[in-house]
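K.L.:
Chains A and B, in that order, are what the protein sequence lines are.
So the first sequence is residues 1 to 512, counted in our numbering.
So the second sequence is residues 513 to 1148, counted in our numbering.
Beta carbons are placed, not taken as given, at the ideal position from N, Cα and C, and that holds for glycine.
Mind having a look at this structure? Questions to follow.
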Amino acid sequence: MSPLEIVILLPILAALAVWLGAPARATSIIATSFCLGVLTLLCVQYHGSTGAELRYTHSIAVLENPAISFAVGADGVSLLLGLLTALVAFAAVWQISPEKPGIYHIASLLIAAGAFGAFLCTDVFFLYAFHELALIPTLLMIALHGHGDDEHRKAVAWKTTVYLGAGSLILLAGLAWLVLEYSGGEKLTFDLTALKAQAATTPLPAAKQASIAFVLLLGFGTLVSLFPLHSWAAPAYASAPTPVAMLHSGVLKKFGLYGLFRIALPLLPQGFQAPWVHQALLFMLLGNILVMGFVTIHQKRLDDVLASSSVMHMGYIFLGLAAGTEIALRGAVLLMFAHGVSIALLFALAGRLRSQLGTLELAKLGGLGAHAPVFTVLFAFGAFASIGLPGLANFAGEVMIFIGSFTQFGTDSFGPLQWTVVLALWGVVMSAVYMLRAYRSIFQGSASTGLFMTDPAIAQRVPMILLAAVLLVAGCCPWLLLGLLKTDLASVTEAASTAVHGAAKAAAGATH
Amino acid sequence: MPEPESTSASLPTMLLLLPLLSALVILLAHRVLKGASVIISLLSATVCFLISLMLLGTKDATPVLLPFLEVGKFKVAIDAIIDQQSRGMMFIVTSIGFFVHLFSVGYMKEDESRERFFGALSLFMFSMTGIVLAGNLVMMFIFWELVGLSSYLLIGHWFEKASAAEASKKAFLTNRIGDFGFMIGILMLFMANHGDVSFAGLKESFAMGPVHDAVKIHPTFFLIAALGIFMGAVGKSAQFPLHVWLPDAMEGPTPVSALIHAATMVAAGVYMLVRCAFVIEASPDASMTIAWIGGGTALMAALIATQQNDIKRVLAYSTLSQLGYMVMAVGLVALQAGGHHDTAAPGHPAMFHLYTHAFFKAMLFLGSGAVIYACHHEQDIWKMGGLARHMPVTFVTFLIGTASLMGVPFITSGFWSKEAILGVAFEVKGGSPLFWIGVATALLTSFYMTRMFVIAFLGKPRTDSAHHATEAPMVMILPLVLLAVLTLISPWGWAAKMLQAMKPDHAETHSTVMIASIAALLIGSGLGFILYRGKNSDPLASKGLFKVFANKFYFDELYAVLVKVLQDGVAWLVNGLERIFVDGIVARLPAFAARRIGSAARVLTGGHLQGYTFLLGAGLLLVIYLAIFVLPQMGH
Chain A
1 MSPLEIVILL PILAALAVWL GAPARATSII ATSFCLGVLT LLCVQYHGST GAELRYTHSI
61 AVLENPAISF AVGADGVSLL LGLLTALVAF AAVWQISPEK PGIYHIASLL IAAGAFGAFL
121 CTDVFFLYAF HELALIPTLL MIALHGHGDD EHRKAVAWKT TVYLGAGSLI LLAGLAWLVL
181 EYSGGEKLTF DLTALKAQAA TTPLPAAKQA SIAFVLLLGF GTLVSLFPLH SWAAPAYASA
241 PTPVAMLHSG VLKKFGLYGL FRIALPLLPQ GFQAPWVHQA LLFMLLGNIL VMGFVTIHQK
301 RLDDVLASSS VMHMGYIFLG LAAGTEIALR GAVLLMFAHG VSIALLFALA GRLRSQLGTL
361 ELAKLGGLGA HAPVFTVLFA FGAFASIGLP GLANFAGEVM IFIGSFTQFG TDSFGPLQWT
421 VVLALWGVVM SAVYMLRAYR SIFQGSASTG LFMTDPAIAQ RVPMILLAAV LLVAGCCPWL
481 LLGLLKTDLA SVTEAASTAV HGAAKAAAGA TH
Chain B
513 MPEPESTSAS LPTMLLLLPL LSALVILLAH RVLKGASVII SLLSATVCFL ISLMLLGTKD
573 ATPVLLPFLE VGKFKVAIDA IIDQQSRGMM FIVTSIGFFV HLFSVGYMKE DESRERFFGA
633 LSLFMFSMTG IVLAGNLVMM FIFWELVGLS SYLLIGHWFE KASAAEASKK AFLTNRIGDF
693 GFMIGILMLF MANHGDVSFA GLKESFAMGP VHDAVKIHPT FFLIAALGIF MGAVGKSAQF
753 PLHVWLPDAM EGPTPVSALI HAATMVAAGV YMLVRCAFVI EASPDASMTI AWIGGGTALM
813 AALIATQQND IKRVLAYSTL SQLGYMVMAV GLVALQAGGH HDTAAPGHPA MFHLYTHAFF
873 KAMLFLGSGA VIYACHHEQD IWKMGGLARH MPVTFVTFLI GTASLMGVPF ITSGFWSKEA
933 ILGVAFEVKG GSPLFWIGVA TALLTSFYMT RMFVIAFLGK PRTDSAHHAT EAPMVMILPL
993 VLLAVLTLIS PWGWAAKMLQ AMKPDHAETH STVMIASIAA LLIGSGLGFI LYRGKNSDPL
1053 ASKGLFKVFA NKFYFDELYA VLVKVLQDGV AWLVNGLERI FVDGIVARLP AFAARRIGSA
1113 ARVLTGGHLQ GYTFLLGAGL LLVIYLAIFV LPQMGH
């Protein structure tokens, strides 16, 4: 048995135990902290490893034909995302206040289990199925325990369900198409390694790759709120109960990016090489950054600001995937991790604000810095991390994505990708505008409305301090995380970087 | 034989670690430490100052302290470039840092959250040290932003005051706009030099490497790269059009204004430009633009300073104006060097002026701090008057600072550094309009400094608080006196050795330049003295043009409109469009489908939303089943 299987199954068992009547808080904290411990150990053990093969593999065959097996295995990328899941899950269950019903814990545990499964399985079928498993409690929790009145809550839950359902179906269609095409009319397999081998020996025709890649981009993209398929995300996060908002925006959303990185890029290298796919992606991610940047500036409530900003920041990770160079891809993975930690911290803090003050309207808040200095510092960590301040986690990822897009110098050095980066950089200014505005109106000035709160008690600070500390350590020592990413990106890199240059050249050719 | 890495790395490592540790310890434990925080911060500043003195005797080196990012060939390290420039700058930063720490012990004694203040001050020392030591552009950028953060924290120290909160936000955001350009410049240089962004590597590449040839093929590329780098300096050194944050930054405690917003951080832009001089030299168009932006800022800020009544605002605009001088010098020297810069040339007129200005401007700010402290936080010069008698030491040091800023010939350091800049403007082909702008700025400088000095220190006290003002305590006077001594002796003695590193080699004096600047001094201060002696209000205040100066050319109003229209307006518009199109049209299709499915589902589940969701989950599983188990079978 692989330690990864334990990590996937433990939260499910814990959820079951809570459902059967075990003490909810203790059970879920023990389960998530155990997962956190295991994954930390695995990361430490894996650190610096340069071999390309997957580690901690184990496989249980489920079906002969089509070949489906419950197969787990990990490399640095999946371990890092697993670590993110464990961190956020631990923080999310810890910050659930004791008077909440057990379903909060059950849902959080199930979402965590689904995310673990999605990141650690190497069989496309299970990878997909685990993500679906995590979606169901997410949607249910928004519907049952979301913020806002009944009407609003249900409307949001419904919209989210429809979007994610549709996205999942498109994704499923794309995956099925992919698997069928690679079967060559013979035995079907869902095993990623086998599929990769097939992609290397008998690649699909370029045009077909492009079509499948686009379908996958739409499917995965919807799950990651890629513009213009994003409009579910902001209301969903704003109304989701705090642990669900933390887990979905911080962790589960990364599944779409992980899928593109893990399945689409290596299996369809020429698909992303196609200029129309590449440029469509650049347009869409600019939509995330610029359109959502402006939309975020316009928001008047903290939860809306955070939710929209989370949609916006996905654009940067897409940019890293679109650039596809060795540096940019590593940057994208780092940013997935960093964004997950920072947004989870911010949602946890926003949740506390809401429960203490009853409102998140920026105009009604003010001067909290004087009353709750610890809370303020923690919020500052999250806010400054999310706007990419050096010394906190997100900076290294962002700067690597930008730099990784500027690696070719020559007569055609300023192609669509580089222009996209220049425009995307303006987003960094916009992030600072909305984050500092929010910070200014919540914590600075004076509390004219008389709404004030005190610092959380020591025990309640644990998850927030943990997340803030991770932001600081990862920000000051990005090489700790990069040590997990020494391998494996090469195959993706090779394919994708040729894709980029092909696209850039084609575009340059088109303009001449 | 090269010095072993370990010894050359130990001093810069300590310079970075000490203030960082001090900041962290204070941040984490200030509630336990209380007053000890002040001692920790002061101690760290003292030791840093001593280390910077030790650094003066070391050899040039660039030891790597810490690998930060490494992917394949791409490496960004935290390193420490030790050369004449960084040693000199480090001396400025740590010495003034030390004096300001000392001064703050007195100035912030009553402040409730002085621990937070000293913590942020240590954070600033850490960030600034990083900028000085940075051996590559990415490290420069990292500390560049951290300096922005500590400046944000310190301007907003009294964050409960709305004006301070707004000022800190404005400073950070304006700097972010500059950093936007800086980052583009870094990316372009990264691209051009195949991933090497170290100053040494870039410099070599510009001199004879791959970039040397590329510059001739793609002049526009390198023009934009140079202007991008310059944009970073425009933000940090508050040049037109991003100058608006610096006067507002005076909302911070006065010691902060002295250290950060007069002597060190705002000078970082100039320091960085001198580090990147080879990039600017490669593009004459960029050099010209930089020189004109600097000259324009110098003149504009001096004009505004003539009509400011807040003692700190006058000094702030004076700082803007002097930074403009330095930036102008950067552009002019680059123009003069024109691509064949002598790498062995030791000094740079911009760095020379940076050095002299840092000391006398820090002293002027600390002096104004002593005045404000004595007058119970009164900053309006029209409510002061006659302070010379009540505060003799402050009076004398302020006089020395004023004389240096005005450039009293031969005896003040400010005179020589200003001469060097005007000299370059005079020599460079096409520099004569800038030369006259420089002279006009010098005249205005003498005018507004005389005006302020006469109003605040001479005549009779205009208010009670000015009447009862007493000399500041010893801990505040001491730094003033030390800075005055440094200002006075800097052209001579052992301090001249320091200067040597900064002073341009060819100190050729032109008689035209000297006559013009002495005339400017005499006319400016003469006018100021005649106009303001014994006055109780400003005789110029009501005159049309002076109103424009008093209102800072209405830049704040203009930018407020721009922000309203270009940012908030566009945000409103985009938000609306997003609602209509994305939510309206893109979401229409699934919503339509959803209603269809929904009405079917309502029949099945009685309208409960959980029902929908379960149904959807079940539906998904069904689809998975169909797609995987049934469809393939059908294919066979």
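Helix, strand or coil, according to DSSP, for residue 17/A in the structure here?
P.N.:
In the first sequence, counting from the first residue as 1, residue 17/A sits at position 17. Reduced to three states, the DSSP call for residue 17/A is helix.
K.L.:
Please name the residue in 869/B, 965/B and 663/B whose C-alpha comes closest to that of residue 1044/B.
P.N.:
Stepping through the second sequence from its first residue, residue 1044/B is reached at position 532. Residue 1044/B has its Cα closest to that of 965/B, out of 869/B, 965/B and 663/B.
K.L.:
Going straight from the alpha carbon of residue 317/A to that of residue 697/B, what length do you get?
P.N.:
If you number the first sequence from 1, residue 317/A lands on position 317. If you number the second sequence from 1, residue 697/B lands on position 185. Each residue's Cα considered, the two are about 22 Å apart.
K.L.:
Pair every Cβ in the segment 983-996 of chain B with every Cβ in the segment 899-918 of chain B, then say whether three or more of these pairs are closer than 8 Å.
P.N.:
Yes, the segment 983-996 of chain B is in contact with the segment 899-918 of chain B.
K.L.:
Can you list the residues of chain A that residue 989/B reaches, using a CB-CB cut of under 7 Å?
P.N.:
Counting from one through the second sequence, the residue named residue 989/B turns up at place 477. Ordered by position in chain A, no residue passes the 7 Å Cβ test against residue 989/B, which lies about 33 Å from the chain.
K.L.:
Alpha carbon to alpha carbon, what distance is there between residue 938/B and residue 954/B?
P.N.:
For the purposes of this step, residue 954/B is identified with residue 442 of the second sequence, where counting begins at 1. For the purposes of this step, residue 938/B is identified with residue 426 of the second sequence, where counting begins at 1. Looking at the two C-alpha atoms, the distance is approximately 15 Å.
K.L.:
With distance defined between alpha-carbon atoms, name the residue in 961/B, 540/B and 530/B nearest to residue 465/A.
P.N.:
The residue labelled residue 465/A in the question sits at position 465 within the first sequence. Ranking the options by Cα distance to residue 465/A, first place goes to 540/B.
K.L.:
Inspect the beta-carbon positions of residue 320/A and residue 329/A and report whether they are closer than 8 Å.
P.N.:
The residue given as residue 320/A occupies position 320 in the first sequence. The residue given as residue 329/A occupies position 329 in the first sequence. Against a cut-off of 8 Å, the Cβ pair of residue 329/A and residue 320/A comes out as a contact.
K.L.:
Would you mind sorting residue 446/A into buried or exposed? The rule is 16 or more other CB atoms within 10 Å of its CB.
P.N.:
In the first sequence, the residue the question calls residue 446/A occupies position 446. By the 10 Å Cβ count, residue 446/A comes out exposed.
K.L.:
Starting from the C-beta of residue 13/A, find all residues in its chain whose C-beta is less than 6 Å away, skip the five residues before and the five after it, and write them out in chain order.
P.N.:
Taking the first residue of the first sequence as 1, we reach residue 13/A at position 13. Answer for residue 13/A: no residue qualifies.
K.L.:
With distances taken between CB atoms, is the gap from residue 394/A to residue 342/A smaller than 8 Å?
P.N.:
Working through the first sequence from its first residue, we reach residue 394/A at position 394. Working through the first sequence from its first residue, we reach residue 342/A at position 342. Cβ distance < 8 Å, so residue 394/A and residue 342/A count as in contact.
K.L.:
Given a limit of 7 Å on CB to CB distance, which residues of the segment 676-690 of chain B reach chain A?
P.N.:
Listed in sequence order: 677, 681, 684, 685, 688 and 689.
K.L.:
Strictly below 7 Å CB to CB, what residues from chain B border residue 326/A?
P.N.:
Along the first sequence, one-based indexing puts residue 326/A at 326. Those are 583 and 584, listed as they occur along chain B.
K.L.:
In chain order, which alpha helix (DSSP H) runs of at least 4 residues are fully inside the segment 78-147 of chain A?
P.N.:
Entirely contained in the segment 78-147 of chain A, the alpha helix (DSSP H) runs reaching 4 residues are, in chain order, 103-120 and 124-145.
K.L.:
If you follow the alpha helix (DSSP H) that residue 972/B is in, where does it begin and where does it stop?
P.N.:
Taking the first residue of the second sequence as position 1, residue 972/B is located at position 460. Unbroken run through residue 972/B: none, as it is neither H nor E.
K.L.:
CB-CB under 7 Å to residue 400/A, same chain, minus the five flanking residues each way: which ones, in chain order?
P.N.:
Position 400 of the first sequence, counted from the first residue, corresponds to residue 400/A. Taken in chain order, the residues that qualify are 327, 328, 330, 331 and 334.
K.L.:
By the DSSP assignment, the beta strand (DSSP E) with residue 58/A in it spans what residues?
P.N.:
Looking up residue 58/A in the first sequence gives position 58. Element bounds for residue 58/A: 55-63.
K.L.:
What residue does the beta strand (DSSP E) around residue 579/B start on, and which one ends it?
P.N.:
As a first step, residue 579/B must be located in the second sequence, where it is residue number 67. Element bounds for residue 579/B: 576-583.
K.L.:
Provide the residue span of the alpha helix (DSSP H) that contains residue 68/A, from first to last.
P.N.:
Here residue 68/A is taken as the residue at index 68 of the first sequence, counted from 1. Careful: residue 68/A lies outside any alpha helix (DSSP H), inside the beta strand (DSSP E) at 68-74.
K.L.:
Can you tell me whether residue 787/B is buried or exposed? The criterion is at least 16 other CB atoms within 10 Å of its CB, across all chains shown.
P.N.:
For the purposes of this step, residue 787/B is identified with residue 275 of the second sequence, where counting begins at 1. By the 10 Å Cβ count, residue 787/B comes out buried.
K.L.:
Could you compute how far the alpha carbon of residue 527/B sits from the alpha carbon of residue 638/B?
P.N.:
In the second sequence, the residue the question calls residue 527/B occupies position 15. In the second sequence, the residue the question calls residue 638/B occupies position 126. Going from the Cα of residue 527/B to the Cα of residue 638/B covers about 8 Å.
K.L.:
Tell me the start and end of each unbroken alpha helix (DSSP H) in the segment 845-902 of chain B that is at least 4 residues and wholly inside, in chain order.
P.N.:
List check, alpha helix (DSSP H) in window: 861-886 and 899-902.
K.L.:
Using a Cβ cut-off of 7 Å, which residues of the segment 425-439 of chain A contact any Cβ in chain B, in chain order?
P.N.:
Answer in chain order: 425, 426, 428, 429, 432, 433 and 436.
K.L.:
Mapping the DSSP letters down to three states, classify residue 586/B as helix, strand or coil.
P.N.:
Taking the first residue of the second sequence as 1, we reach residue 586/B at position 74. In this structure, residue 586/B counts as strand in the three-state DSSP scheme.
K.L.:
Please determine, among 212/A, 391/A and 306/A, the residue with the shortest C-alpha to C-alpha distance to residue 276/A.
P.N.:
On the first sequence, residue 276/A is found 276 positions in, with the first residue counted as 1. Per the Cα distances, 212/A.
K.L.:
If you draw a straight line from the C-alpha of residue 680/B to the C-alpha of residue 741/B, how long is it?
P.N.:
Against the second sequence, residue 680/B aligns to sequence position 168. Against the second sequence, residue 741/B aligns to sequence position 229. So the two alpha carbons sit approximately 23 Å from each other.
K.L.:
So is residue 888/B buried or exposed if we call it buried at 16+ other beta carbons inside 10 Å?
P.N.:
Numbered from its first residue, the second sequence carries residue 888/B at position 376. Flag for residue 888/B reads exposed.
K.L.:
Going by alpha carbons, who is nearest to residue 779/B out of 817/B, 891/B, 842/B and 621/B?
P.N.:
Here the question's residue 779/B lines up with position 267 in the second sequence. If we check each option's Cα against that of residue 779/B, 842/B comes out closest.
K.L.:
Rounded to whole angstroms, what's the CA-CA distance from residue 736/B to residue 398/A? Just pull it up for me.
P.N.:
Within the second sequence, residue 736/B is the residue found at index 224, counting from 1. Within the first sequence, residue 398/A is the residue found at index 398, counting from 1. If I take the Cα positions, the gap works out to 22 Å.
K.L.:
Would you call residue 760/B buried or exposed, if buried means 16 or more other Cβ atoms sit within 10 Å of its Cβ?
P.N.:
Along the second sequence, read from residue 1 onward, the residue named residue 760/B stands at position 248. Residue 760/B should be labelled buried.
K.L.:
Taking residue 721/B as part of the alpha helix (DSSP H), name the residues at either end of that continuous run.
P.N.:
Working through the second sequence from its first residue, we reach residue 721/B at position 209. No alpha helix (DSSP H) contains residue 721/B, which DSSP labels as neither H nor E.
K.L.:
Between the segment 114-134 of chain A and the segment 368-388 of chain A, do three or more beta carbon pairs fall short of 8 Å?
P.N.:
Result no; under three Cβ-Cβ pairs closer than 8 Å.
K.L.:
At least one CB of chain A closer than 8 Å to the CB of residue 751/B: is that the case?
P.N.:
Translated into positions along the second sequence, residue 751/B becomes position 239. Chain A, which has no Cβ nearer than 8 Å to the Cβ of residue 751/B, makes this no.
K.L.:
Under the rule that 16 or more other beta-carbon atoms within 10 Å means buried, what is residue 572/B, buried or exposed?
P.N.:
Taking the second sequence and counting its residues from 1, one reaches residue 572/B at position 60. Label assigned to residue 572/B: exposed.
K.L.:
Taking C-beta pairs closer than 7 Å, name the residues in chain A that residue 904/B reaches, listed in chain order.
P.N.:
Position 392 of the second sequence, counting from 1, holds the residue named residue 904/B. Neighbours of residue 904/B on chain A: none; closest Cβ ~39 Å, over 7 Å.
K.L.:
If we require 4 or more residues per run, which alpha helix (DSSP H) segments fall completely within the segment 794-827 of chain B?
P.N.:
Segments of the alpha helix (DSSP H) lying fully in the segment 794-827 of chain B: 796-817.
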